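What follows is one structure encoded as structure tokens, with my remarks underneath.
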DNA sequence: ATATAGTTTGTAATAATTACAATTTTGTTT
DNA sequence: AAACAAAATTGTAATTATTACAAACTATAT
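Chains as they are written, first to last, in my numbering: chain A, 204 to 353; chain B, 204 to 353.
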């Protein structure tokens with residue numbers, strides 16, 4: 204459903220020259236909402252682009268983040284991951300399977316709920332939730348019915 | 204102002220046996236609200252406890268987190284850091300100096316502002332803000348009055 | 001005093017990320 | 001279209017955070 208030209212326009216609109224590698228990374232981001240890590244993106248793209256370097260993936264995602272074309276998530280302490288969905292939303296990390304889910308925010312502007320000290324400039328906010336996702340809860344329940352709460 | 208016995212009681216209340224090393228780490232946490240990293244804690248304690256191992260600091264903070272005696276923050280992508288303040292509050296990372304500040308939350312229960320999917324279990328939420336702190340803004344303004352907004 | 005479990009330690013291994021110089025590609029000027 | 005300059009990509013090496021793990025140590029119970 205994602206038009207190639209849309210991706211080019213998206214990059215261009217963020218002041219990013221649409222090279223083949225950058226297009227590939229952005230295309231991966233907009234077609235996979237799994238909040239991939241650098242390694243995940245590299246591993247997925249490498250077979251079709253054997254000359255792609257992991258450094259390029261790092262460089263590209265850094266550029267995307269700086270130019271506001273993607274968001275860097277630090278919800279998972281093991282590695283950062285990325286999201287090209289730009290509207291305000293929260294993220295949920297399942298501590299069991301490690302998946303990161305998007306969660307809609309009812310009332311935008313979370314910052315207004317905080318008492319940010321006078322004189323501080325806020326550029327960005329992130330709401331991270333942790334717990335166990337539905338799939339993992341069901342899977343844990345079914346087989347033995349013997350599970351620790353953590 | 205923090206009584207040694209209070210720290211012992213705090214650990215015990217969380218089911219943690221108060222060894223010398225664990226006491227030292229917890230004491231550091233409750234007397235330093237800088238949201239220290241493992242390395243910061245290790246470097247601070249090592250001179251007075253030359254046999255202390257960095258692995259022990261890792262083990263100890265992992266134990267604290269698991270037992271609910273401390274929180275692990277993933278706001279800074281460079282390394283995780285820790286906080287022994289347990290009441291609900293947000294964190295602010297200054298992208299210039301790297302300091303992490305506590306920020307009070309006006310209305311608790313941020314989770315209620317999100318549309319968490321049916322069947323998910325949420326154990327924890329974290330609100331992370333990023334920007335530039337007052338000190339860094341002032342410092343950037345004074346000398347030249349020539350600053351890029353980022 | 002001995003056995004046992006729990007804790008700490010140091011080292012080695014792993015994994016994520018960054019630095020950097022060489023190469024390739026792209027764009028521009030002649 | 002050749003020559004040049006700038007930008008982007010690549011591969012390797014270095015750095016850093018974290019984890020694995022076995023040995024040494026400590027505390028506790030018998």
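Backbone N, C-alpha and C fix where the C-beta goes; we use that ideal spot for every residue, glycine too.
Note that the structure is predicted; figures quoted are calculated from it, not measured.
Pairwise C-alpha distance: residue j and residue i
i, j, result
"residue 350(B)", "residue 300(B)", "Caution applies to residue 350(B), whose pLDDT of 44 falls short of 50 and renders its modelled position unreliable; the value that the coordinates give is listed next. The alpha-carbon atoms of residue 350(B) and residue 300(B) are separated by roughly 16 Å."
"residue 210(B)", "residue 335(B)", "34 Å"
"residue 287(A)", "residue 294(B)", "24 Å"
"residue 440(A)", "residue 252(B)", "Residue numbering for chain A in the displayed model covers 204 to 353; residue 440(A) lies beyond these limits and cannot be assessed."
"residue 258(A)", "residue 327(A)", "26 Å"
"residue 273(A)", "residue 273(B)", "31 Å"
"residue 233(B)", "residue 223(B)", "15 Å"
"residue 212(A)", "residue 205(B)", "58 Å"
"residue 245(B)", "residue 306(B)", "26 Å"
"residue 282(B)", "residue 268(B)", "15 Å"
"residue 264(B)", "residue 338(B)", "30 Å"
"residue 355(A)", "residue 247(B)", "Since the first and last residues shown for chain A are 204 and 353, residue 355(A) lies out of range."
Chain-ordered neighbours of residue i on chain B, where CB pairs are closer than 8 Å
i, result
"residue 313(A)", "313, 316, 330"
"residue 289(A)", "None at all; the shortest Cβ gap to chain B is about 15 Å."
"residue 306(A)", "317, 318, 319, 320"
7 Å Cβ cut-off: residues of chain B touching residue i
i, result
"residue 266(A)", "Within 7 Å Cβ-Cβ: nothing; residue 266(A) doesn't reach chain B, min ~13 Å."
Contact list for residue i against chain A, beta-carbon separation under 7 Å
i, result
"residue 309(B)", "316, 317, 318"
9 Å Cβ cutoff met for residue i and residue j
i, j, result
"residue 400(B)", "residue 308(A)", "With chain B covering only 204 through 353, there is no way to say anything about residue 400(B)."
"residue 313(A)", "residue 313(B)", "yes"
"residue 284(B)", "residue 238(B)", "yes"
"residue 260(A)", "residue 228(A)", "yes"
"residue 323(A)", "residue 296(B)", "no"
"residue 230(B)", "residue 207(B)", "yes"
Contact set between residue i and chain B, taken where Cβ atoms lie within less than 9 Å
i, result
"residue 275(A)", "280"
Interface residues of chain A facing residue i [CB-CB closer than 8 Å]
i, result
"residue 326(B)", "298, 333, 334, 335"
"residue 283(B)", "280"
"residue 232(B)", "Within 8 Å Cβ-Cβ: nothing; residue 232(B) doesn't reach chain A, min ~18 Å."
Could you pull out every unbroken beta strand (DSSP E) segment of at least 3 residues lying fully inside the region 217 to 265 of chain A, listed in chain order? Listed in chain order, nothing qualifies, since the region 217 to 265 of chain A has no complete beta strand (DSSP E) run of 3 or more residues.
At least 3 beta-carbon pairs within less than 8 Å: the region 310 to 324 of chain A vs the region 271 to 278 of chain A: No contact exists between the region 310 to 324 of chain A and the region 271 to 278 of chain A.
Curious, which full-length beta strand (DSSP E) runs of at least 3 residues does the region 265 to 343 of chain B contain? Runs of the beta strand (DSSP E) inside the region 265 to 343 of chain B: 274 to 276, 284 to 286, 292 to 297, 303 to 308, 324 to 335.
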